[in-house]
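Counting from 1, position 116 in the sequence shown corresponds to residue 619 in this note's numbering; the numbering is continuous, with no gaps. Data block below; observations after.
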Amino acid sequence: MSRRRKPSHGGEHEEGSSERWTTSYMDMVTVLMCLFIVLYAMSTVDKDKFEKLRLALSTGFGTTKTEKIDTARGIVVPKADVGKDGVDTTAFNAAKAEVDKLQNVEKNISTALQAQGLASDVTFQVTSDGLTISLVGAASFFSGNSAILQPDTDRILNVIGPAITGIPNQDAVEGHADGHSNPYPYPTDWDLAAARSTAVLKYLLGTGVPQAQIYSSSYGAARPLSPTMTPDQYPLNRRVDVVVLSQATDSVKLLMAKVLAAEHS
């Protein structure tokens with residue numbers, strides 16, 4: 504009869520137990536080998552296959568292959584940016600639409616003033632802030648130290664009023680003074696300029712401009728037409744600016760400046 508194996512005691516181990524670690528070690532080596540194979544496969548990309556995959560995904564998500572901005576259907580991009588990637592065409596279209604609206608207001612007013620022979624008394628400027636309609640010319644609008652409207656002023660304001668009433672933009676009436684003489688009977692140039700802007704505002708209200716749409720402000724002599732004006736030009740600063748304020752967001756206003764620069768380039 505064969506003898507039974509005595510159970511192990513103390514420091515003795517069962518037969519073969521000392522080699523079990525090799526199995527775990529081989530499994531770990533196998534996993535590491537697979538990991539390095541995968542990493543190597545990922546590091547060698549087939550460009551043709553990758554491009555096909557990218558286009559397939561693009562088609563699936565409703566986009567089409569393109570390398571440049573499509574300017575063939577009303578998308579307005581400044582000349583300097585034509586052909587560049589990443590231009591927000593939606594924002595440029597919004598900027599262009601706002602510029603067009605302000606320029607149309609300018610055109611309507613200018614045409615009506617020309618018909619009455621008054622175009623030389625008004626200047627226009629479209630910026631990202633809006634359309635500035637400047638009533639310049641002392642003889643036409645204000646005498647020195649006076650906020651009393653001159654005879655031709657009502658004819659000009661009768662053209663401006665209806666033109667700005669038909670659009671929802673806010674309107675600012677900004678008063679100015681020449682700052683080179685005593686403003687008596689007004690205490691300061693600020694008071695004189697404020698009286699001028701208020702006089703124009705009141706007249707525009709009479710033409711139908713809603714009260715909630717318009718407000719007045721005074722800049723005194725702080726904003727001359729030019730910092731290097733000669734004494735004979737000082738009366739030009741006795742003026743009022745009617746500003747049709749832009750409704751665009753700040754980001755669109757930045758693009759409006761680019762649209763205007765592109766139109767004048």
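Glycine is no exception: its CB is placed at the ideal position from the N, C-alpha and C atoms. These figures come from a predicted structure and were not determined experimentally.
Measuring alpha carbon to alpha carbon, tell me which of the options ends up nearest residue i.
i: S749; options: V608, A618 and S649; result: V608
i: N672; options: D694, Q714 and N661; result: Q714
i: I636; options: Q653, T731 and L616; result: L616
i: S631; options: L621, D694 and F595; result: F595
i: L739; options: Y706, V746, V747 and P727; result: P727
i: G664; options: R699, V746, Y689 and A698; result: V746
i: D591; options: L763, L757, A764 and A622; result: L757
i: Q606; options: T731, S623 and G633; result: G633
i: K610; options: I667, D657, A597 and L538; result: I667
i: V703; options: D744, V532 and A764; result: D744
i: Y689; options: T752, G723 and A675; result: G723
i: Y706; options: D735, D530, G647 and N661; result: N661
i: T691; options: D753, D657, T526 and S649; result: S649
i: A597; options: V755, S768, L638 and A760; result: V755
i: V711; options: S646, T593 and G669; result: Reading off the sequence shown, one finds Gly at residue 711, where the question assumed Val. Comparing Cα-Cα distances from G711 to each of S646, T593 and G669, the minimum goes to G669.
i: D603; options: S623, A618, D624 and Q628; result: Q628
i: S684; options: Y543, S646, T626 and D624; result: S646
i: R658; options: Y687, A675 and V625; result: V625
i: L708; options: D735, D674 and Y687; result: D674
i: A764; options: S613, F539, E554 and K599; result: K599
i: E601; options: A751, L695, A725 and D694; result: A751
So what does residue i bridge to, in DSSP terms?
i: Q628; result: T635
i: I717; result: D674
i: L542; result: Its beta-bridge partners do not exist; DSSP assigns none.
i: L748; result: G633
i: V743; result: L638 and G678
Next on the checklist: Just to confirm the assignment: which complete alpha helix (DSSP H) runs, minimum length 4, are found wholly within the stretch 645-707?
Outcome noted: 656-668
Checklist entry - Are the stretch 712-730 and the stretch 641-657 touching by the rule of at least three beta carbon pairs closer than 8 Å? => result no
Next on the checklist: Does the contact criterion of 3 or more C-beta pairs under 8 Å hold for the stretch 667-686 versus the stretch 696-713?
Outcome noted: Per the Cβ contact rule, the stretch 667-686 is in contact with the stretch 696-713 (3 or more Cβ pairs under 8 Å).
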